[in-house]
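Okay, structure first, notes after.
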Amino acid sequence: MRAKIKSISNDEFDLESFRPDDPKSFFLTLRMRVGREGTATADDFELLVCSPAWLLKSTWQPTWGRHMLIVQEYDFHEIERFIHEYVDRCEGANWVEVATKLSR
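Sequential numbering of the sequence shown, starting at 4, is according to my numbering.
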């Protein structure tokens with residue numbers, strides 16, 4: 004069984020037109036709807052995307068980095084490509100196995 008991205012969105016703005024004030028220091032939350040390949044159903048996954056510069060400015064104590072994608076600068080098409088490549092490699096014997104891999 005393989006995973007397939009059904010959609011990637013943000014609750015506050017359109018990702019195609021969004022441009023952060025500083026592309027080298029930003030963060031945003033993505034909502035990804037991912038389901039089994041060949042079906043219309045999907046589950047929601049959230050992912051924080053940020054830059055190292057934003058982390059340096061915003062993090063002043065130890066913190067976990069799970070559910071986070073760190074990129075040098077904002078390029079939505081590059082971010083989207085990277086996410087699709089990862090999800091396309093997620094497969095398992097059942098959806099629980101696949102979803103566990105996706106949640107990493």
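We treat Cβ as the ideally placed atom computed from N, Cα and C, and that holds for glycine.
Bear in mind the structure is a predicted one, so any value in this text is a computation, not a measurement.
Asked: C-beta atoms of residue 32 and residue 51 nearer than 8 Å; Found: yes
Asked: For residue 58, the first and last residue of its enclosing alpha helix (DSSP H); Found: 55 to 61
Asked: Straight-line Cα distance separating residue 8 from residue 103; Found: 15 Å
Asked: C-beta contact flag for residue 76 and residue 61 at 8 Å; Found: no
Asked: Sub-8 Å separation of residue 35 and residue 101 beta-carbons; Found: no
Asked: Backbone CA spacing between residue 43 and residue 12 [nearest angstrom]; Found: 17 Å
Asked: DSSP bridge partner residues for residue 74 (one or two, in chain order); Found: Note: residue 74 sits in no beta bridge, so no partner.
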